[in-house]
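This note's numbering numbers the first residue of the sequence shown as 1159 and each following residue consecutively.
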Amino acid sequence: MRIGELAELAGTSTRTLRYYESRGLLSSTRAPNGYRTYGEDDLRLLRQIRTLQDFGFGLEETRPFVECLRAGHPAGDACPASLAVYRRKLAELDGLIGRLADVRDQVARQLADAERAAGPEAVPRCESTP
C-alpha cells in the first residue's frame, strides 16, 4: 500500500509516517515509480505505536515494541526490552499518582481549614456580587 493508504488506515498523517521513518521506527520500500510502499506489518507497527502513545508513552519508548514486532514476535510486548519499558512507565505512573494524592490531600486540608475559619453561618457568595 502507498503512504496515503497507510496513513488513512492507521488514523494518522503522511507527515507523521515520514517522521516515524526518519526516526527509524518505520521503513518503506520504493516502487519503481519512486512511491513509498508499505505492507500489513507496517500497519501493525503503527497500531502498536499509536496504542502506546495513547497510553502516554513517548515515541522513543515505543522503539523496543517496534523492534520486537520486527523480530517476528506476535506481539510488541513479547520481548524483555518491551517489558522493561512497561516497568519503567508503571513506576513513573505510580509516582505521579502518589504526587497527585498528596496534592489532593493538601487541597482537602485547605478546604477544611477555610470552611472551619468561615464558620457554620458562612454563605458562599460571588466576590463581584454586591
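Beta carbons: idealized from backbone N, C-alpha and C, even for Gly.
Check each candidate in the options and name the one with the smallest Cα separation from residue i.
i: residue 1214; options: 1199, 1222 and 1244; result: 1244
i: residue 1178; options: 1160, 1200 and 1233; result: 1200
i: residue 1228; options: 1275, 1279, 1182 and 1163; result: 1182
i: residue 1186; options: 1161, 1261 and 1268; result: 1161
i: residue 1193; options: 1202, 1172, 1209 and 1205; result: 1172
i: residue 1167; options: 1273, 1254 and 1197; result: 1197
So, under 8 Å CB-CB, residue i and residue j are touching, yes? Tell me the CB distance rounded to an integer number of Å.
i: residue 1207; j: residue 1195; result: At roughly 19 Å, the Cβ-Cβ gap does not stay under 8 Å, so residue 1207 and residue 1195 are not in contact.
i: residue 1290; j: residue 1189; result: Coverage of the chain is limited to positions 1159 through 1288, which leaves residue 1290 absent and any answer about it impossible.
i: residue 1226; j: residue 1236; result: 6 Å
In this structure, what does DSSP give as the bridge partners for residue i?
i: residue 1160; result: 1195
### Message
Extract the residue ranges of the alpha helix (DSSP H) inside the segment 1167 to 1235, only unbroken runs of 4 or more that lie entirely within it.
### Response
1172 to 1180, 1198 to 1212 and 1221 to 1228
### Message
For a minimum of 4 consecutive residues, which ranges assigned as the alpha helix (DSSP H) are wholly contained in the segment 1238 to 1268?
### Response
none
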